[in-house]
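Student:
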Amino acid sequence: VLGLDVEQTVDAQCVVQPREMYVLYVSQPGFICKEVNKTFIQDGVEVAKGDVLLTLSDPELVALKKDNELRWSMLQIQKADAVAKNDTELERNAHFKMEGLQAQRDHTNQKMEKLTLRSPISGIVQLRTRDRLENLDGQFMALQTPLLAVYQPDLFEAIAVVNHRDIGLIKS
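In terms of our numbering, the sequence shown opens at residue 9 and continues consecutively.
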């Protein structure tokens, strides 16, 4: 008896996909806006970690930020006036108001930062929308909407679906 390898054929379906894909979801609702994004990221573009991929617009948040800054300026004037008049009660009152307003300013700034989607890794961008981003100008993006994904182009895996009876025939 000769010890020859016998070729076997196995029916399988296979999907080749990136090993790690980072999907970027909307974490602060807003609008896709050409005025905010001078250019839109395209599918298949290589990016570096930290690159800005998209910035959403939220007019209400922008108005709130401007209002907070105006109120901050007014409180600074009130506090400076109290110091000039040597009115410690008025100065303390302005100081406490400024502390409260600072918390509001910080919260607004955190929300504003969430409007910007940055690449979590260096890799290739994949759009998760049906249309190109520039075609979505003016569209509202709700919380947790998947917009983009980034993957490393050199880390792929093949996932095969094989009939249970053929598993013993497969070598890795």
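Glycine is no exception: its CB is placed at the ideal position from the N, C-alpha and C atoms.
Every value quoted in this text rests on a predicted model; they were computed, and no experiment measured them.
Counting beta carbon pairs with one atom in the stretch 93-111 and one in the stretch 26-41, are three or more of them shorter than 8 Å?
Tutor: Contact between the stretch 26-41 and the stretch 93-111 is absent, because fewer than three Cβ pairs lie under 8 Å.
Student: Whose C-alpha, out of Ala20, Val23, Gly38 and Asn171, is nearest the C-alpha of Thr153?
Tutor: Checked all of Ala20, Val23, Gly38 and Asn171; the closest Cα to Thr153 is Gly38.
Student: Less than 8 Å between the CB atoms is what I'm expecting for Met149 and Leu64, so what's the real figure, rounded?
Tutor: Going by Cβ atoms, the distance from Met149 to Leu64 rounds to 6 Å, so yes, they are a contact pair.
Student: For Asp174 and Cys22, what's the separation of their Cα atoms in angstroms?
Tutor: Their backbone Cα atoms lie some 15 Å apart in a straight line.
Student: Quick check: the Cα distance between Val169 and Asn45, rounded to an integer number of angstroms?
Tutor: Cα to Cα, the separation comes out at about 42 Å.
Student: Counting C-beta neighbours from all protein chains within 10 Å, is the total for Tyr159 16 or more, i.e. buried, or is it exposed?
Tutor: By the neighbour-count rule (16 or more Cβ atoms within 10 Å), Tyr159 is buried.
Student: Between Ile132 and Ile49, what straight-line distance do the alpha-carbon atoms span, to the nearest angstrom?
Tutor: Each residue's Cα considered, the two are about 11 Å apart.
Student: With DSSP as the reference, identify every bridge partner of Gln86, one or two as the case may be.
Tutor: Note: Gln86 sits in no beta bridge, so no partner.
Student: Does Arg113 come out as helix, strand or coil in the three-state DSSP assignment?
Tutor: Residue state, collapsed to three classes: helix.
Student: Can you tell which of Val18, Gln36, Leu144 and Leu61 has the C-alpha that lies nearest to the C-alpha of Lys119?
Tutor: Comparing Cα-Cα distances from Lys119 to each of Val18, Gln36, Leu144 and Leu61, the minimum goes to Gln36.
Student: Please go through the stretch 50-75 and give each complete beta strand (DSSP E) segment of 3 or more residues, from N-terminal end onward.
Tutor: DSSP runs (the beta strand (DSSP E)) wholly in the stretch 50-75: 60-65.
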